[in-house]
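There are 2 protein chains.
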Amino acid sequence: MAKIHEVAKAAGVSISTVSYALSGKRPIAPDTRRRIEEAARELDYRPNAGARMLAGRRTQIFALTEPFRADTHAPAHMAFVLATSIAARRYEYDVLLLTEEEASAGMRRVASSGLADAVLVLDVAPDDERVALARRISVPTVFIGVPDDHEGLVCVDLDFEAAAALAVDGLAELGHRSLGFIGHPPAAYERSNFPPRVRRGFEQRADSFGLERAVVLPEADGPRRTGVRQAVRDLVEGGATALVLHCDDGAHAVALDELAALDRRVPEDVSVVSVGATFDTTAFVPPIDSVPLVPSASCELAVELAMRLVDGEPVEAGVRLIAPTSVPHGSSAPPPPAS
Amino acid sequence: MAKIHEVAKAAGVSISTVSYALSGKRPIAPDTRRRIEEAARELDYRPNAGARMLAGRRTQIFALTEPFRADTHAPAHMAFVLATSIAARRYEYDVLLLTEEEASAGMRRVASSGLADAVLVLDVAPDDERVALARRISVPTVFIGVPDDHEGLVCVDLDFEAAAALAVDGLAELGHRSLGFIGHPPAAYERSNFPPRVRRGFEQRADSFGLERAVVLPEADGPRRTGVRQAVRDLVEGGATALVLHCDDGAHAVALDELAALDRRVPEDVSVVSVGATFDTTAFVPPIDSVPLVPSASCELAVELAMRLVDGEPVEAGVRLIAPTSVPHGSSAPPPPAS
DNA sequence: GCATCGAATCGAAGCGCTTCGACGATCCGG
DNA sequence: CCGGATCGTCGAAGCGCTTCGATTCGATGC
């Protein structure tokens, strides 16, 4: 743990010159800068974090609040945490993780102790308590997800409605007239902000095309997933020629398994499209068309906005919706000729 | 963001008195302390993190390095991160998350900038590069997991060998003479430190009882998990009357499904015991006996050791293995009478 | 040849806290 | 009733850095 003073001595300059050389905030003669950089490298010098925070009024830390509730879908959440942390590092920021009840209490604590320059909010609930908190604290806050009441907040998210609509578009274009939708368990529609948006997007776009549509939200009924199997059967037997899936990877696998059990080929007999998946839909048999939820897209934008706020640049409050893209893998085709 | 100076003025004392009253490091008259606490509460005062770090030589931060590799089993890793963060909060510590390549680079960075008081290492590989790093940096480091070369390191982990042995004990006592073992995919035995330990524990204990045993490490072959199904069939048809499972929850579910498909009842025809599971084995049908891996146990011990190191108390280097416990749920029984 | 200017560097003042040593007041024993 | 503990409180010295204003020096213009 070398100190700036030692670097200064080694390079034969004053400590302020070292500081300016390393931060680049004032011009330094090329030769001097070289000597300083070399000394710093040799001593493995890094500015002391505490001193830097105190003097520089920057902590270089983002607080990431992510409740990690017991029933959360771990892989997706992990993907967001990872994506945020990678995006933050691009700006030389570290990520402080606030989980569970600390997601709120920690947010307050971190804000009033000045431990973080900004707060990023993940796993947003429709009536999230962190919304009120965000309005109260003086630390810039960015939501990755859209709470019901988002007045005055900065929010970033995939345009889930458009994503579902995009899936419907593709199927309608292929000639499908009757679509089935398999969603998350009903509880997810209370707890999370996005499942209702996907459902709405599906329903509204299907309606606008005058398509028949049916929505099933199977319960999470243990590892056998009988709910999902039943849903597939009901939808297919009800005449759906295409399924739109917005559920976890296990449910995807089970749905495909059930289609196979029913002797329906994908895509010849039934088309399948996944919406809002964070996992790899090419790992299924067959690979599934996807309108994915890309964590890095949301997180990078969120981090960029957070940086702008930290830098005091003007950032308009409001919801930034990221346009979805469709990634085909051959799991949709025209419907079979009516039997 | 009130400052200590404002609290002092509000309470009519000097700032050092405020500091001592709030930290409890010197006796303060009860009445004075009350006034100070009240003022602090009213102003929502929290010591500035940077100033505290600088003056107090404590950052109140643990760095948690967790690579989060793409192929890691998200739920288990999330459970460890969560457990660590909860354990840390008990000591008023926050957790800084270092993922991916930052797991190593960040460890170095954090150590030399004094951003964290200690480093906790998760998802330990047998030949983990963080081992060398840990020896080089001056920040106390605790491993949750046991790398091959752990000379001089402080490591904490479940005693996986004993866990597998415990499962074998139970089955042997019930009279089973032939055991099957379903493990993780072969790659996991290179990448992670604990699968080989479970396997070894199983084999050695089975051998010491003179039991027949067979080990299968099914490939992760996509959502259909045909490898696991095949493994179950092979083992059962090979005469195993009990299965020891050390694999992810999906494989558990598939294994049970396959047993049902084979018309083998659990536990009447085949006993099933899970080893090292972080998930809830009572969610299966039927609920499965478990010798679980309890993240909070490892993480709490790790955090306690880290605290001792931070406090300069003597901590002996070495591996601390946590004794396993068996949690029966009715999925094992005596083997069926020989047919 | 002298005032002027810009570039490069330096010194010193904090940032907000913890902690050390000191000090006044109160208490006790003798 | 005085000397010495003891208790509670205070002032001031840092912690290691950033940043502001000042200074130095060679180059430039007139």
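Chains as they are written, first to last, in the working numbering: chain A, 844 to 1182; chain B, 844 to 1182.
Quick reminder that beta carbons are idealized off the backbone N, C-alpha and C, glycines included.
Residue 1000 of chain B versus B:1035, B:924 and B:1140, residue with shortest Cα-Cα distance | B:1140
Write down the C-beta distance between residue 898 of chain A and residue 959 of chain A rounded to the nearest angstrom, noting that I regard them as a contact closer than 8 Å.
-> About 17 Å; that fails the 8 Å criterion.
Can you tell which of B:901, B:972 and B:1138 has its C-alpha closest to the C-alpha of residue 920 of chain B?
-> B:1138
Out of B:1104, B:1023 and B:1013, which has the shortest C-alpha to C-alpha gap to residue 1074 of chain B?
-> B:1023
Does the Cβ-Cβ distance between residue 1072 of chain B and residue 1011 of chain B come in under 7 Å?
-> Their beta carbons are not under 7 Å apart, which means residue 1072 of chain B does not touch residue 1011 of chain B by this criterion.
From this set, B:952, B:953, B:930 and B:910, which residue's C-alpha is nearest residue 944 of chain B's C-alpha?
-> B:910
Please say whether residue 1110 of chain A and residue 1176 of chain A have beta carbons closer to each other than 7 Å?
-> yes
Would you mind stating whether residue 961 of chain A and residue 1153 of chain A have Cβ atoms separated by less than 7 Å?
-> Between residue 961 of chain A and residue 1153 of chain A, the CB-CB gap stays under 7 Å.
With distances taken between CB atoms, is the gap from residue 1118 of chain A to residue 1102 of chain A smaller than 7 Å?
-> no
Of all the residues that make up the region 971–994 of chain A, which are near chain B by a beta-carbon distance shorter than 7 Å?
-> 981
Could you tell me whether the Cβ atoms of residue 976 of chain B and residue 923 of chain B are closer together than 7 Å?
-> Contact flag unset, no.
Proximal residues of chain A, C-beta to C-beta of residue 1120 of chain B below 9 Å = None at all; the shortest Cβ gap to chain A is about 13 Å.
Would the region 972–992 of chain B and the region 931–941 of chain B be scored as touching if the rule is three or more Cβ pairs under 8 Å?
-> no
Return the chain-ordered list of same chain residues with a C-beta closer than 6 Å to the C-beta of residue 998 of chain B, the five sequence neighbours on each side being excluded.
-> 986, 989 and 1162
Within 7 Å, strictly: CB atoms of residue 1044 of chain A and residue 1098 of chain A | no
Taking a Cβ distance cut-off of 7 Å, strictly less, list which residues of the region 932–957 of chain B are near chain A, in chain order.
-> Residues passing the 7 Å Cβ filter: 932, 937, 938, 939, 940, 942, 943, 945, 952, 955, 956 and 957.
Nonlocal neighbours in the same chain, by C-beta distance under 7 Å from residue 1036 of chain B, ignoring five residues either side | Here the set comprises 967, 968, 969, 988, 989 and 990.
Just the Cα atoms here: how many angstroms apart are residue 848 of chain B and residue 857 of chain B?
-> 8 Å
Proximity test, Cβ basis, 7 Å: residue 1028 of chain B and chain A | no
So residue 1107 of chain A and residue 1079 of chain A are in contact, right, with Cβ under 8 Å, and what is the actual spacing, rounded?
-> 6 Å
Three-state secondary structure (DSSP) of residue 1154 of chain B | coil
C-beta contact flag for residue 1089 of chain B and residue 1041 of chain B at 7 Å | In contact: residue 1089 of chain B and residue 1041 of chain B (Cβ atoms closer than 7 Å).
Note down, in chain order, every chain B residue with its Cβ under 9 Å from the Cβ of residue 920 of chain A.
-> 917 and 921
Could you please give me the residues that DSSP links to residue 1090 of chain B through a beta bridge?
-> Beta-bridge pairing links residue 1090 of chain B to no other residue.
What's the C-alpha gap between residue 1143 of chain B and residue 1016 of chain A?
-> 56 Å
Could you tell me whether the Cβ of residue 1150 of chain A comes closer than 7 Å to any Cβ of chain B?
-> no
Can you name the start and end residues of the beta strand (DSSP E) that residue 1023 of chain B belongs to?
-> 1021–1025
Reduced DSSP secondary structure (H/G/I, E/B, other) of residue 858 of chain A = helix
Within the same chain, show all residues whose beta-carbon is closer than 7 Å to that of residue 1002 of chain B, passing over the 5 residues directly before and after it, in chain order.
-> 1164, 1165, 1166 and 1167
Is the beta carbon of residue 893 of chain B less than 7 Å from the beta carbon of residue 893 of chain A?
-> For residue 893 of chain B and residue 893 of chain A, yes; Cβs fall inside 7 Å.
Around the Cβ of residue 1068 of chain B, are there at least 16 other Cβ atoms within 10 angstroms (buried) or fewer (exposed)?
-> buried
Starting from the Cα of residue 895 of chain B, find the closest Cα among B:877, B:876 and B:865 and give me that residue.
-> B:865
Simplified DSSP state of residue 1057 of chain A, which is helix, strand or coil | strand
How about residue 938 of chain B and residue 940 of chain A: do their beta carbons lie closer than 7 Å?
-> yes
Which of helix, strand or coil DSSP assigns to residue 1051 of chain B = helix
For residue 887 of chain A and chain B, any beta-carbon pair shorter than 7 Å?
-> yes
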